[in-house]
Amino acid sequence: MERAHVLIRLRGDPQSALLPAADGVTRTSATAVRLEHSAMSPGVASISFERVFDAQHTPLAHMFDQSLAPAVARCAQGFSASLVLAGAPGAGKSFACHGDRQQRTTGLVTLALRHVFRELDALRDADAALESQVLLGCFHVGESGQLVDLMRSPAAAVVASPLVGSEHMLLQRSVRVATSAEAFHWYSQALAASVRATDGRSDFAVAVFIETKRAGEQRVRRGRLICIDVHGSSIVDPSRWQDATKKSPSAMDARAAERPVFSDAHFPVATGLSNWFGGWVGNDAATYVLVVIQKQAQFQQQAIQSLLYACKAKDIKSTCSVAYVPAFTSKPITAPPAELPRADTDQQGNNQRESQDDNDNHSTTSSNSLGDFATESNETEYERLGSRSPRQPAKHSVLSQRLRQAYQSVKSASGAVDPLNSILTPTKRRPGAEIAGSDDTPARCDGLFATKANLLHAKADAMLKPRANELEALSLLDKLELIRVQYREVERALAHETSVKDKCVDRISKLSQTMSFQVVEHEQQLQRALAEKDRVQAQLSAMALKFEGMSKEVELLQQQVRLVKAARSDAPAPPVAGDTNPAGSSGSTAGSERAQLQQFSSRLETAMHEAKAVVGLKDGVIRDLERRLSESTQANARLIDDLARQRQQHDREAAARLAQLSDLRVQLRGSAEAAAREATRSENERAAFRTRLSQLVLEIETLRASPAGRTSEHRAHAATQTDVVDAAASTGADVDELARQQQRELVERLETKTRECVASHAASVASRRRAEALEQRVEEVARKARKMEKKLRAKRSAAEKRVLALAARLEESERQAPRAARELAELRDAVQQHESARAERTAETAQLQDAIRALETRCAARDQRLHAAETRYQQQVGDLEQSLARRMLAREAQLAAEHDRKLRQVMDRHAAELLAREVDDSERAAPHSPSSRSTLGSSASDSESGSPQRSLEQLDALIGYKEKQFARARDATQRKKAAPSSARSEPSLVAELERKLRELTQALAVANEQETLAKQHAQRSADAQHASAVQREQLLEEMNRLKQENWSLSLALQVTERQRL
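One gets this note's numbering by counting positions in the sequence shown from 1 and adding 364 to each.
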């Protein structure tokens, strides 16, 4: 769907530009108007439209080229377009639509007709097999609201109500036109008839149908252009139109009431135009609404209503597509009017148009219309018409009359052909003109003028070589007029090229401004990404510090385990009572403990390696993220550099084009000034030549008049002598004296006359010498004229070369335009890719942030768990040490008691053995003799004296051995008692540590995954938040603008209603 293109044209007095405070509506930019503060509008409101033009700075032709020309060109390709001119009464709608003949201003309808045929010519140049025809219809609404066909006679022109198939009816009531001049002729006749009938107070509509058929196509394309000039402050309501085949006319008002587009009562609806042409405002036609507003402060109320209508016209929507028909329209009109030519066939239409143009050159209306068209349009229509401007015969006659009066004496004296008439005669009358060979001054002047005429004709023929077959029937003034027309065509082409280049410069400046804004935005985004990267790196460094602390704690635990292991390996194993191999049992126990400790240490090392692997994996992920971030930063930097390079290249190209344009303007201005100086100098030389020629003519007349006087005096003298002779014969001798006296008087008179003749002869000689000098001066002037012609020829050739160079440059710019468009598309794609990549990076950053936060949470929980586990471990170790100490004390006490008991038992046994031995010894010594008894007594005494010493040594040895055995037994007992608890505690501690390490590994893996997901989620959320913020800002700006516009318009409407009440 495409919305209507609303254009604003502001009109005002020429003095309003000097007094801007006197304007109620001003143009602030190319797309905005401002409603100034006044009693009608208490606030200042700024309203935006597609284009805003000021009539004082932008002519209608430029406005048409900038806004409506593309739509008209699309009509020639089969699309449809509608132009509606609206505004307050007297605002200038009809002036913009139809122009003004007195001010030599061309209206939009005329410009559209010319552009249609120009576009068809371009299509024919591109496709020689193109078939086309243009149908034109003009209508206006009568006093009774009926639609009147201005192409028919009044009896058959009134159409009471819409017929079935409005487009078919318009086609049947249209006329075929072959050229833009013919179309302008029909249009001007219809406009004149409408003005005569309604005094210019009716709605006027122009319908143009362009049918084309290209080579290889089976169907015909039909484009439609509708131009509607609404009278007064009425509008065209699209909702009032309907197809008569589906609904009856009575249901039209019901449909308009059900779905009105302009339901405001402030807008009166033009019923006739809405019924007939409302369906082509929107729907399938590209709609252009031109609202004409008077910007003076006294017309501000009308301006407010027009602006309100323009704001509502933005809601008109359309869908454009190419329209196809089976074949060309065969009979465009059925009953031609008597005052207009009919275009049934091409040959008859051409003949009738030529005769009609010849007849219309003598009428005021046709002459004015065609004169305006030939003066302001592209002069190819002037050549096709074969007529001249109505001012040319008047110029021709006045100039011929003056020249004939100036040189009448020369023509009568010489009897030669009028040289100035030869200048104004066609080319076919010039071959007989030759230069006279006598020394007579008039003849030589005639020859000089004939030579000058021949030179001018030859120069004009050389400049009009492409039209050599048309030059024989044209005079010099006609040729000069054609040359002037060609020069104006070149000027128009240059002006068009200048406007195109200005548009290119504007577009390049807008593109560079947009690119600069995008670069600034990208730099801001890059700075935000770098700040986010720094924050993530800080978080990662904090996490690395935490991991290092954890690794240090694990190393401390490992050192403590190693210390415990070393202490256990250094402690000796005590012997156990009843143990036959205490060394073997202690070695097996130590080996089992050593194996358990080695297994524990290997498991702990494995867990540490796994933790280090997890940390390395995390570091690898972080390095990968940093690498990707650096790559994205580099890509962004490269993109910014590419954008800067392309912007510099565009700036250089724009500067080069501007420099070329300025050089061309300077060259054209210099050539125009030089041509003007040459023309002024030639005019001055021509005026001086005419003055000298008139003096020469007067002198020649004086010279010719003096011999005639002498002849008359001689005749009078002869008559006097005859009279004297007669008198002497009659009077005789009395009269002799008188005769002699008269003879003396006559002799004196003759002498006086002779002196006078001599003086006159001397004067004639001097005048002849002056004439010769004048001839020399004339020859010098002719040489200067030839030099001037050579200079003009050189300048003209230089101008032609410049025109060719300009055309080549224009072609080059047109060839470069697609490349610039492609580069712009590539830039847009690159910007979109960068934005998508930036969005992905933002999402990844967000996910990383979420993962980092989750990892921090898990790390904190893990730290808490580790701290609790360490506390529990320390508490368990303390409890174990205390229990071991208590058990060791109890065992030592038990062992001490048992040792004492065993010692007492050993001592008792020893005492018993000693007593038994003594008893045995005494019993064995009783039966012997006294000597033997003495010997026995001495031995007994010796034994009694030495046995206590040996028994003490044996007792000490036994006690030492028993102590050692008891110590070994105590150590073995302690190991046996402590072995089950330590065996039970160490495997549980190892299992718990392994479980904790597995949990730590899993937690690290989950933390890494969650960190990645968190960064991605954070990036996505940041992108979404940024996009939502931008969209919210845009919506807020749009809402504020709409609120401001609604407030201003509602306030203006309230003030208007209050004033009405």
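For each residue, glycine too, the CB sits at the ideal point set by N, CA and C.
Ala440 carries a coil assignment under DSSP once its states are collapsed to helix, strand and coil.
Boundaries for Val686: no alpha helix (DSSP H) harbours it, and the DSSP string shows neither H nor E there. Residue pairing by DSSP places Ile590 opposite Ser446 and Ala571 in a beta bridge.
With respect to the C-alpha of Tyr851, the residue from Ala893, Val1167 and Gly980 having the closest C-alpha is Val1167. Sixteen is the threshold: since fewer than 16 other Cβ atoms of the shown chains lie within 10 Å of the Cβ of Asp870, the residue is exposed. With respect to the 8 Å criterion, Leu494 and Thr390 are not classified as neighbours on the basis of their beta carbons.
In the DSSP secondary-structure assignment, Gln1196 is not bridged to any residue.
Straight through space, the alpha carbons of Ala1008 and Ala1386 are spaced by roughly 28 Å.
The alpha-carbon of Leu890 is positioned some 55 Å away from that of Ala579. Out of Leu484, Val505, Ala435 and Ala425, the CA that lies nearest to the CA of His462 is found in Ala425. For Ser446 against Thr651, the beta-carbon gap comes to about 5 Å, under 8 Å, which counts as contact. Spatial neighbours of Phe631 in its own chain (CB-CB distance under 7 Å, excluding positions within 5 residues in sequence) are listed in chain order as Ile599 and Tyr673. Taking all protein chains in view, the Cβ of Gln1239 is surrounded by fewer than 16 other Cβ atoms within 10 Å, so the residue is classified as exposed.
Following the DSSP letters along the chain, one finds Asp489 inside the alpha helix (DSSP H) bounded by residues Leu472 to Ala490. In this structure Val541 is in contact with Leu500, their Cβ atoms being roughly 5 Å apart against a cut-off of 8 Å. It is roughly 14 Å from the alpha-carbon of Leu993 to the alpha-carbon of Gln1213.
The C-alpha of Gly587 lies about 21 Å from the C-alpha of Asp513. Assignment of Phe413 by DSSP, reduced to helix, strand and coil, places it in the coil class. In the DSSP assignment, Thr390 forms a beta bridge with Arg398. Residue Arg1359 holds the alpha-carbon nearest to the alpha-carbon of Arg1229 among Thr422, Glu1402 and Arg1359.
The C-alpha of Glu1204 lies about 22 Å from the C-alpha of Asp1006. Taking a cut-off of 8 Å on C-beta distances, the segment 1406-1422 touches the segment 662-676, as three or more cross pairs fall below it.
Glu1245 and Leu1279 have their C-alpha atoms roughly 49 Å apart.
If you draw a straight line from the Cα of Glu1375 to the Cα of Ala1184, it is about 45 Å long. In the DSSP assignment, Gly636 falls within the alpha helix (DSSP H) that extends over Thr635 to Phe641. Collapsing the DSSP output to three states places Lys676 in a helix.
Under the three-state reduction of DSSP, Lys659 is assigned to coil, being neither helix nor strand. Rounded to the nearest whole angstrom, the CA to CA distance from Gln420 to His401 is 22 Å. Under the three-state reduction of DSSP, Asp648 is assigned to coil, being neither helix nor strand.
The alpha-carbon separation between Ala1210 and Arg415 amounts to approximately 44 Å. In this structure Asp593 does not touch Ser444 by the C-beta definition: roughly 19 Å separates them, more than the 8 Å allowed. Shown here for Glu366: same chain residues with a beta carbon closer than 6 Å to its own, the five before and five after excluded, namely Ser682 in chain order. For Ser496, the uninterrupted beta strand (DSSP E) run begins and ends at Glu495 to Val505, by DSSP.
Phe573 is a Cβ neighbour of Leu535, given a cutoff of 8 Å. Nearest to Phe417 by alpha-carbon distance, out of Val1283, Ala1001, Tyr688 and Val370, is Val370.
Residue burial annotation: Tyr551 is buried, with at least 16 other C-beta atoms found within 10 angstroms of its C-beta.
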